[in-house]
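The block underneath contains the structure these notes are about, expressed in C-alpha coordinates.
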Amino acid sequence: MAAIDKCLSLDVIKSQRFSFKTAKALRKLIELLPSGPRWKYRSVKTESPTRRALQVFYRDAIECLQHLIHSPSNSGQVHFVPKKIYSATDHTQRIYTDWLTGDRAWELQDALPDGATLLGIVLSSDKMHITQVGNRQAHPLLISLANISADVCRKGSTNSYLLLALLPVPRFVHPNKHLHGVLASRLLHQVISIVVKPLKMAAEVGHMMSDPVGNLKHCFTPLVAYIANTPEQHIIACVTDNALAVSMAISKQFGDPLRCAARTTSKTRQLLIAVKRETHARNLSSYFQACRKRQLNGVTSPFWLDWALAEPSSFLNPEVLHHFFKMFWDHDRKWCSRMLGADELDFRFSLL
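Okay, here's the thing in C-alpha coordinates:
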(Lines of atoms letter the chains of each structure in order from A and count residues from 1; the text may use other names and numbers.)
(Lines give C-alpha, C1' and ligand atoms only; values in the text may rest on other atoms or scores of the structure.)
Protein backbone atom coordinates (compact mmCIF):
# COMPACT_ATOMS: atom_id res chain seq x y z
CA MET A 1 0.00 0.00 0.00
CA ALA A 2 2.84 2.39 0.85
CA ALA A 3 4.46 1.74 -2.52
CA ILE A 4 1.20 2.58 -4.31
CA ASP A 5 0.83 5.80 -2.31
CA LYS A 6 4.38 6.74 -3.21
CA CYS A 7 3.67 6.14 -6.89
CA LEU A 8 0.45 8.17 -6.78
CA SER A 9 2.30 11.09 -5.20
CA LEU A 10 4.52 11.54 -8.27
CA ASP A 11 3.83 14.69 -10.29
CA VAL A 12 3.49 12.73 -13.54
CA ILE A 13 0.75 10.58 -11.97
CA LYS A 14 -1.04 13.56 -10.42
CA SER A 15 -1.22 15.18 -13.85
CA GLN A 16 -3.39 12.26 -15.08
CA ARG A 17 -6.26 13.37 -12.81
CA PHE A 18 -7.30 9.92 -11.62
CA SER A 19 -10.47 9.56 -9.55
CA PHE A 20 -8.38 8.34 -6.61
CA LYS A 21 -5.37 9.81 -4.84
CA THR A 22 -4.46 7.08 -2.34
CA ALA A 23 -4.17 3.30 -2.32
CA LYS A 24 -7.05 3.12 0.16
CA ALA A 25 -9.33 5.05 -2.18
CA LEU A 26 -8.28 2.79 -5.06
CA ARG A 27 -9.13 -0.32 -3.05
CA LYS A 28 -12.60 1.03 -2.25
CA LEU A 29 -13.25 1.58 -5.95
CA ILE A 30 -12.06 -1.94 -6.78
CA GLU A 31 -14.40 -3.43 -4.18
CA LEU A 32 -17.34 -1.74 -5.93
CA LEU A 33 -16.71 -3.82 -9.06
CA PRO A 34 -18.88 -6.93 -9.61
CA SER A 35 -17.27 -9.92 -7.93
CA GLY A 36 -17.27 -13.56 -8.90
CA PRO A 37 -18.78 -16.35 -6.81
CA ARG A 38 -17.98 -15.83 -3.14
CA TRP A 39 -15.83 -18.25 -1.17
CA LYS A 40 -17.03 -20.12 1.88
CA TYR A 41 -15.59 -22.87 4.05
CA ARG A 42 -16.75 -25.83 6.04
CA SER A 43 -15.08 -28.03 8.64
CA VAL A 44 -14.78 -31.68 7.67
CA LYS A 45 -15.12 -34.57 10.09
CA THR A 46 -12.99 -37.61 9.32
CA GLU A 47 -13.36 -41.28 10.26
CA SER A 48 -9.84 -41.36 11.70
CA PRO A 49 -7.95 -38.57 13.52
CA THR A 50 -5.69 -36.29 11.51
CA ARG A 51 -2.71 -34.21 12.60
CA ARG A 52 -4.69 -31.02 12.15
CA ALA A 53 -8.32 -30.05 11.69
CA LEU A 54 -9.47 -30.14 8.08
CA GLN A 55 -11.50 -27.55 6.22
CA VAL A 56 -12.71 -27.36 2.65
CA PHE A 57 -12.83 -23.97 0.94
CA TYR A 58 -15.31 -23.87 -1.93
CA ARG A 59 -17.71 -21.77 -3.95
CA ASP A 60 -21.32 -22.34 -4.91
CA ALA A 61 -21.22 -24.52 -8.02
CA ILE A 62 -24.40 -23.05 -9.53
CA GLU A 63 -23.02 -19.52 -9.16
CA CYS A 64 -19.83 -20.66 -10.90
CA LEU A 65 -21.86 -22.00 -13.83
CA GLN A 66 -23.83 -18.77 -14.08
CA HIS A 67 -20.55 -16.84 -14.03
CA LEU A 68 -19.18 -18.97 -16.89
CA ILE A 69 -22.33 -18.51 -18.97
CA HIS A 70 -22.28 -14.71 -18.59
CA SER A 71 -18.51 -14.27 -18.85
CA PRO A 72 -17.55 -11.76 -21.59
CA SER A 73 -14.73 -14.11 -22.61
CA ASN A 74 -17.33 -16.73 -23.56
CA SER A 75 -19.66 -14.33 -25.36
CA GLY A 76 -21.28 -16.12 -28.29
CA GLN A 77 -19.39 -19.33 -27.49
CA VAL A 78 -21.86 -21.03 -25.12
CA HIS A 79 -24.27 -23.38 -26.90
CA PHE A 80 -27.26 -25.21 -25.45
CA VAL A 81 -28.58 -27.50 -28.20
CA PRO A 82 -26.95 -30.79 -29.33
CA LYS A 83 -26.33 -30.95 -33.05
CA LYS A 84 -25.06 -33.28 -35.74
CA ILE A 85 -22.69 -32.03 -38.41
CA TYR A 86 -22.15 -33.93 -41.65
CA SER A 87 -19.54 -33.49 -44.37
CA ALA A 88 -22.12 -33.86 -47.15
CA THR A 89 -25.87 -33.82 -47.72
CA ASP A 90 -26.05 -37.62 -47.88
CA HIS A 91 -25.35 -37.74 -44.11
CA THR A 92 -22.84 -40.58 -44.43
CA GLN A 93 -19.90 -38.99 -42.62
CA ARG A 94 -20.17 -37.22 -39.25
CA ILE A 95 -17.94 -34.34 -38.17
CA TYR A 96 -17.18 -34.00 -34.46
CA THR A 97 -16.01 -30.60 -33.22
CA ASP A 98 -17.40 -29.96 -29.71
CA TRP A 99 -19.02 -32.08 -27.04
CA LEU A 100 -22.51 -31.10 -28.20
CA THR A 101 -21.81 -32.70 -31.60
CA GLY A 102 -21.18 -36.11 -30.00
CA ASP A 103 -23.58 -38.97 -29.35
CA ARG A 104 -23.35 -38.70 -25.56
CA ALA A 105 -24.88 -35.21 -25.61
CA TRP A 106 -27.83 -36.55 -27.60
CA GLU A 107 -28.28 -39.47 -25.19
CA LEU A 108 -28.37 -37.15 -22.18
CA GLN A 109 -30.71 -34.68 -23.88
CA ASP A 110 -33.14 -37.50 -24.68
CA ALA A 111 -33.14 -38.49 -21.00
CA LEU A 112 -34.24 -34.99 -19.88
CA PRO A 113 -37.81 -33.65 -19.78
CA ASP A 114 -39.17 -31.81 -22.80
CA GLY A 115 -37.94 -28.22 -22.96
CA ALA A 116 -35.03 -28.83 -20.57
CA THR A 117 -31.56 -27.45 -21.23
CA LEU A 118 -28.48 -29.63 -20.92
CA LEU A 119 -25.43 -28.19 -19.15
CA GLY A 120 -22.55 -30.67 -19.29
CA ILE A 121 -20.39 -30.40 -16.16
CA VAL A 122 -16.63 -30.74 -16.53
CA LEU A 123 -14.55 -31.21 -13.37
CA SER A 124 -10.79 -31.41 -13.07
CA SER A 125 -8.47 -31.95 -10.12
CA ASP A 126 -4.80 -32.65 -9.51
CA LYS A 127 -2.80 -32.78 -6.30
CA MET A 128 0.38 -30.71 -6.54
CA HIS A 129 3.36 -29.73 -4.41
CA ILE A 130 3.89 -26.07 -3.53
CA THR A 131 7.63 -25.94 -2.98
CA GLN A 132 7.90 -22.27 -2.05
CA VAL A 133 5.73 -22.58 1.07
CA GLY A 134 7.41 -25.37 2.97
CA ASN A 135 6.81 -28.18 0.46
CA ARG A 136 3.10 -28.22 1.19
CA GLN A 137 0.47 -29.77 -1.07
CA ALA A 138 -2.61 -28.28 -2.70
CA HIS A 139 -5.49 -30.13 -4.31
CA PRO A 140 -7.55 -27.72 -6.45
CA LEU A 141 -10.87 -28.72 -8.00
CA LEU A 142 -11.83 -26.85 -11.18
CA ILE A 143 -15.16 -26.61 -12.97
CA SER A 144 -16.10 -25.79 -16.55
CA LEU A 145 -18.93 -26.29 -19.03
CA ALA A 146 -18.88 -28.71 -21.94
CA ASN A 147 -21.28 -26.29 -23.66
CA ILE A 148 -18.42 -23.82 -24.22
CA SER A 149 -16.75 -24.11 -27.62
CA ALA A 150 -13.61 -26.23 -27.53
CA ASP A 151 -11.54 -23.52 -29.22
CA VAL A 152 -12.36 -21.14 -26.37
CA CYS A 153 -11.77 -23.68 -23.58
CA ARG A 154 -8.28 -24.42 -24.87
CA LYS A 155 -7.20 -20.80 -24.36
CA GLY A 156 -5.99 -20.00 -20.86
CA SER A 157 -6.80 -16.32 -21.32
CA THR A 158 -10.55 -17.01 -21.48
CA ASN A 159 -10.66 -18.40 -17.91
CA SER A 160 -13.11 -21.10 -18.98
CA TYR A 161 -12.12 -23.15 -15.92
CA LEU A 162 -13.02 -21.73 -12.52
CA LEU A 163 -11.48 -22.77 -9.22
CA LEU A 164 -14.42 -24.44 -7.49
CA ALA A 165 -12.77 -25.76 -4.34
CA LEU A 166 -9.52 -26.36 -2.51
CA LEU A 167 -9.73 -29.94 -1.32
CA PRO A 168 -8.01 -30.75 2.00
CA VAL A 169 -4.82 -32.83 1.95
CA PRO A 170 -4.98 -34.96 5.11
CA ARG A 171 -2.23 -36.51 7.22
CA PHE A 172 -3.82 -39.34 9.18
CA VAL A 173 -2.49 -40.77 12.43
CA HIS A 174 -4.05 -44.22 11.99
CA PRO A 175 -1.64 -46.88 13.33
CA ASN A 176 -1.89 -48.94 10.12
CA LYS A 177 -0.15 -46.79 7.50
CA HIS A 178 -1.31 -49.12 4.72
CA LEU A 179 -4.86 -47.90 5.32
CA HIS A 180 -4.03 -44.20 5.06
CA GLY A 181 -4.73 -44.35 1.32
CA VAL A 182 -8.19 -45.81 1.93
CA LEU A 183 -8.99 -43.05 4.42
CA ALA A 184 -7.72 -40.37 2.02
CA SER A 185 -9.82 -41.79 -0.83
CA ARG A 186 -12.93 -41.81 1.36
CA LEU A 187 -12.26 -38.23 2.42
CA LEU A 188 -11.83 -37.11 -1.19
CA HIS A 189 -15.26 -38.46 -2.15
CA GLN A 190 -16.79 -37.06 1.04
CA VAL A 191 -15.50 -33.55 0.33
CA ILE A 192 -16.32 -33.54 -3.39
CA SER A 193 -19.84 -34.69 -2.52
CA ILE A 194 -20.21 -31.60 -0.31
CA VAL A 195 -18.96 -29.27 -3.04
CA VAL A 196 -21.07 -30.69 -5.89
CA LYS A 197 -24.30 -31.11 -3.90
CA PRO A 198 -26.05 -28.24 -5.78
CA LEU A 199 -25.07 -29.85 -9.09
CA LYS A 200 -26.55 -33.19 -8.01
CA MET A 201 -29.83 -31.51 -7.12
CA ALA A 202 -29.89 -29.66 -10.44
CA ALA A 203 -29.16 -32.89 -12.31
CA GLU A 204 -32.13 -34.50 -10.58
CA VAL A 205 -34.84 -31.82 -10.70
CA GLY A 206 -33.26 -29.00 -12.72
CA HIS A 207 -32.44 -25.41 -11.85
CA MET A 208 -33.67 -22.18 -13.44
CA MET A 209 -30.74 -20.22 -14.90
CA SER A 210 -30.43 -17.34 -17.32
CA ASP A 211 -28.62 -17.58 -20.64
CA PRO A 212 -26.26 -14.84 -21.94
CA VAL A 213 -29.19 -12.74 -23.23
CA GLY A 214 -31.28 -13.07 -20.05
CA ASN A 215 -33.73 -15.81 -21.05
CA LEU A 216 -34.57 -18.27 -18.27
CA LYS A 217 -33.84 -21.93 -18.95
CA HIS A 218 -34.65 -25.07 -16.98
CA CYS A 219 -31.11 -26.49 -16.74
CA PHE A 220 -29.95 -29.98 -15.81
CA THR A 221 -26.33 -30.60 -14.83
CA PRO A 222 -25.06 -34.15 -15.41
CA LEU A 223 -21.36 -34.88 -14.98
CA VAL A 224 -19.94 -35.47 -18.47
CA ALA A 225 -16.17 -35.28 -17.87
CA TYR A 226 -13.72 -35.55 -15.00
CA ILE A 227 -10.16 -34.67 -16.04
CA ALA A 228 -7.52 -36.27 -13.82
CA ASN A 229 -4.32 -38.27 -14.06
CA THR A 230 -4.45 -42.06 -14.02
CA PRO A 231 -3.87 -42.59 -10.25
CA GLU A 232 -6.60 -40.09 -9.40
CA GLN A 233 -8.94 -41.65 -11.97
CA HIS A 234 -8.65 -44.92 -10.06
CA ILE A 235 -9.58 -43.09 -6.85
CA ILE A 236 -12.52 -41.40 -8.56
CA ALA A 237 -13.75 -44.70 -10.02
CA CYS A 238 -13.19 -46.40 -6.62
CA VAL A 239 -11.05 -49.19 -8.09
CA THR A 240 -7.65 -50.68 -7.27
CA ASP A 241 -4.54 -50.10 -9.35
CA ASN A 242 -4.83 -53.49 -11.10
CA ALA A 243 -8.24 -52.65 -12.58
CA LEU A 244 -9.47 -50.26 -15.23
CA ALA A 245 -11.42 -47.18 -14.21
CA VAL A 246 -13.72 -47.28 -17.24
CA SER A 247 -14.39 -51.02 -17.63
CA MET A 248 -14.61 -54.18 -15.55
CA ALA A 249 -11.27 -55.45 -16.90
CA ILE A 250 -8.43 -56.34 -14.53
CA SER A 251 -4.70 -56.52 -15.26
CA LYS A 252 -4.82 -60.16 -16.41
CA GLN A 253 -7.33 -59.19 -19.11
CA PHE A 254 -5.55 -56.11 -20.46
CA GLY A 255 -4.20 -58.02 -23.47
CA ASP A 256 -7.42 -59.86 -24.32
CA PRO A 257 -8.91 -59.14 -27.77
CA LEU A 258 -12.45 -59.09 -26.37
CA ARG A 259 -13.87 -55.91 -24.90
CA CYS A 260 -14.95 -56.06 -21.26
CA ALA A 261 -18.19 -54.59 -19.96
CA ALA A 262 -18.25 -50.91 -19.04
CA ARG A 263 -17.89 -49.90 -15.40
CA THR A 264 -21.31 -48.40 -14.73
CA THR A 265 -22.88 -46.83 -11.67
CA SER A 266 -25.28 -49.75 -11.22
CA LYS A 267 -22.46 -52.34 -11.27
CA THR A 268 -20.43 -50.40 -8.72
CA ARG A 269 -23.51 -50.09 -6.51
CA GLN A 270 -24.07 -53.87 -6.69
CA LEU A 271 -20.45 -54.54 -5.70
CA LEU A 272 -20.67 -52.14 -2.75
CA ILE A 273 -23.88 -53.79 -1.55
CA ALA A 274 -22.16 -57.19 -1.71
CA VAL A 275 -19.24 -55.88 0.35
CA LYS A 276 -21.53 -54.36 2.99
CA ARG A 277 -23.22 -57.75 3.40
CA GLU A 278 -19.87 -59.26 4.39
CA THR A 279 -18.55 -56.62 6.78
CA HIS A 280 -19.14 -53.15 8.18
CA ALA A 281 -17.44 -50.09 6.69
CA ARG A 282 -16.16 -49.04 10.14
CA ASN A 283 -14.07 -52.20 10.31
CA LEU A 284 -11.55 -50.64 7.99
CA SER A 285 -9.18 -53.57 7.54
CA SER A 286 -11.78 -56.27 6.84
CA TYR A 287 -13.82 -53.90 4.67
CA PHE A 288 -10.77 -53.12 2.54
CA GLN A 289 -9.97 -56.83 2.15
CA ALA A 290 -13.54 -57.52 1.02
CA CYS A 291 -13.28 -54.66 -1.46
CA ARG A 292 -9.96 -55.88 -2.88
CA LYS A 293 -11.61 -59.17 -3.86
CA ARG A 294 -13.85 -57.12 -6.14
CA GLN A 295 -11.14 -54.68 -7.31
CA LEU A 296 -12.58 -51.83 -5.21
CA ASN A 297 -10.43 -49.42 -3.21
CA GLY A 298 -12.45 -49.23 0.02
CA VAL A 299 -14.55 -46.11 -0.65
CA THR A 300 -18.04 -46.52 0.80
CA SER A 301 -19.94 -43.66 -0.88
CA PRO A 302 -18.63 -42.48 -4.28
CA PHE A 303 -19.64 -38.86 -4.87
CA TRP A 304 -21.09 -39.78 -8.29
CA LEU A 305 -23.19 -42.71 -7.05
CA ASP A 306 -26.28 -40.53 -6.52
CA TRP A 307 -25.49 -38.07 -9.35
CA ALA A 308 -28.18 -38.56 -12.00
CA LEU A 309 -26.90 -39.80 -15.39
CA ALA A 310 -23.27 -39.99 -14.17
CA GLU A 311 -21.35 -43.01 -15.47
CA PRO A 312 -17.62 -43.56 -14.73
CA SER A 313 -17.15 -45.30 -18.07
CA SER A 314 -18.35 -42.12 -19.76
CA PHE A 315 -17.11 -39.16 -17.71
CA LEU A 316 -13.54 -40.42 -17.16
CA ASN A 317 -11.44 -39.36 -20.14
CA PRO A 318 -8.17 -40.71 -21.58
CA GLU A 319 -5.14 -39.04 -20.04
CA VAL A 320 -2.49 -37.90 -22.51
CA LEU A 321 0.64 -38.51 -20.41
CA HIS A 322 -0.05 -42.08 -19.31
CA HIS A 323 -2.51 -43.31 -21.94
CA PHE A 324 -0.82 -41.89 -25.05
CA PHE A 325 2.79 -40.85 -24.44
CA LYS A 326 3.72 -43.48 -21.83
CA MET A 327 1.80 -46.14 -23.73
CA PHE A 328 3.81 -45.41 -26.87
CA TRP A 329 7.20 -45.02 -25.17
CA ASP A 330 6.93 -47.98 -22.77
CA HIS A 331 5.16 -50.46 -25.04
CA ASP A 332 4.65 -49.59 -28.72
CA ARG A 333 8.20 -48.29 -29.17
CA LYS A 334 9.70 -51.39 -27.59
CA TRP A 335 7.58 -53.69 -29.76
CA CYS A 336 8.60 -51.87 -32.92
CA SER A 337 12.24 -51.80 -31.86
CA ARG A 338 12.29 -55.55 -31.28
CA MET A 339 10.61 -56.25 -34.62
CA LEU A 340 12.62 -53.85 -36.80
CA GLY A 341 15.76 -53.23 -34.81
CA ALA A 342 16.84 -49.94 -33.29
CA ASP A 343 18.85 -48.81 -36.35
CA GLU A 344 16.01 -49.48 -38.78
CA LEU A 345 13.52 -47.71 -36.53
CA ASP A 346 15.80 -44.66 -36.26
CA PHE A 347 16.21 -44.62 -40.05
CA ARG A 348 12.46 -44.69 -40.66
CA PHE A 349 11.87 -41.87 -38.19
CA SER A 350 14.58 -39.84 -39.93
CA LEU A 351 12.54 -40.01 -43.14
CA LEU A 352 9.47 -38.38 -41.58
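Counted from 1, the sequence shown has number 94 at position 94 by the UniProt record's numbering; the numbering is strictly sequential. Each residue gets a CB set at the ideal place from its N, CA and C atoms; glycine is no exception.
Counterpart residues of residue i in DSSP-defined beta bridges
| i | result |
| --- | --- |
| residue 117 | 219 |
| residue 302 | Answer by DSSP bridge pairing: none, since residue 302 is not bridged. |
| residue 50 | 172 |
| residue 140 | 166 |
| residue 145 | 121 |
| residue 40 | 58 |
| residue 239 | 296 |
| residue 94 | 86 |
| residue 78 | 148 |
| residue 128 | 138 |
| residue 262 | 247 |
Cβ separation of residue i and residue j, assumed to be a contact under 8 Å, to the nearest whole Å
| i | j | result |
| --- | --- | --- |
| residue 187 | residue 170 | 6 Å |
| residue 162 | residue 68 | 6 Å |
| residue 148 | residue 74 | 6 Å |
| residue 49 | residue 182 | The pair is not a contact, with the Cβ atoms about 15 Å apart (cut-off 8 Å). |
| residue 111 | residue 309 | 6 Å |
| residue 317 | residue 225 | 6 Å |
| residue 313 | residue 247 | 6 Å |
Per-residue burial, residue i [other beta carbons within 10 Å of its own, 16 or more giving buried]
| i | result |
| --- | --- |
| residue 107 | exposed |
| residue 58 | buried |
| residue 349 | exposed |
| residue 168 | buried |
| residue 207 | buried |
| residue 202 | buried |
| residue 136 | exposed |
| residue 164 | buried |
C-beta atoms of residue i and residue j nearer than 9 Å
| i | j | result |
| --- | --- | --- |
| residue 116 | residue 254 | no |
| residue 234 | residue 249 | no |
| residue 229 | residue 322 | yes |
| residue 124 | residue 143 | yes |
| residue 223 | residue 195 | no |
| residue 330 | residue 232 | no |
| residue 160 | residue 66 | no |
| residue 82 | residue 118 | yes |
| residue 176 | residue 296 | no |
| residue 23 | residue 5 | yes |
| residue 212 | residue 341 | no |
Selection from the options that minimises the alpha carbon distance to residue i
| i | options | result |
| --- | --- | --- |
| residue 128 | 122, 140, 118 and 261 | 140 |
| residue 26 | 102, 8, 40 and 42 | 8 |
| residue 36 | 18, 343 and 60 | 60 |
| residue 291 | 311, 268 and 351 | 268 |
| residue 299 | 192, 121 and 6 | 192 |
| residue 315 | 104, 72 and 89 | 104 |
| residue 154 | 98, 126 and 136 | 98 |
| residue 39 | 32, 45 and 56 | 56 |
| residue 190 | 43, 272 and 14 | 43 |
| residue 47 | 333, 239 and 282 | 282 |
| residue 238 | 252, 251 and 265 | 265 |
| residue 200 | 259, 304 and 89 | 304 |
| residue 393 | 279, 89 and 84 | Lying outside 1 to 352, the shown extent of the chain, residue 393 is not represented and no answer is given. |
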